[in-house]
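This report concerns only the one structure given below.
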Amino acid sequence: ANVVRNRQGFNDAIVFMIGGGNYIEYQNLQDYAKIRSTTTKRIIYGCTELVNASQFLEQLAKLGQ
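Residues in the sequence shown are numbered consecutively from 1057, following our numbering.
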């Protein structure tokens, strides 16, 4: 059976990361919303831990031990 699906746009989105998030992910989401849309998109970004580059590298080093 053929199913017709209509894609509906959105104005609000919530992105939540379990674990470390960072400012670059947030900025990429904001840039994507601006480029791909003709209307205003509001994106809320959250994470359980916000890490900078040094903290991220420390976490990677611990994984290798």
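Beta carbons: idealized from backbone N, C-alpha and C, even for Gly.
Give the single residue among Q1121, K1090, Y1079 whose Cα lies nearest to the Cα of D1068. In terms of Cα proximity to D1068, the closest of Q1121, K1090, Y1079 is K1090.
Could you tell me the distance, in whole angstroms, from the CA atom of N1062 to the CA atom of S1110? 44 Å
Give the secondary structure of F1112 by DSSP, where H, G and I count as helix, E and B as strand, and everything else as coil. helix
Rounded to whole angstroms, what's the CA-CA distance from I1070 to N1078? Just pull it up for me. Straight-line Cα distance between these residues: approximately 15 Å.
Out of E1114, A1117, E1105, Q1121, point me to the one whose CA is closest to I1074's CA. E1105
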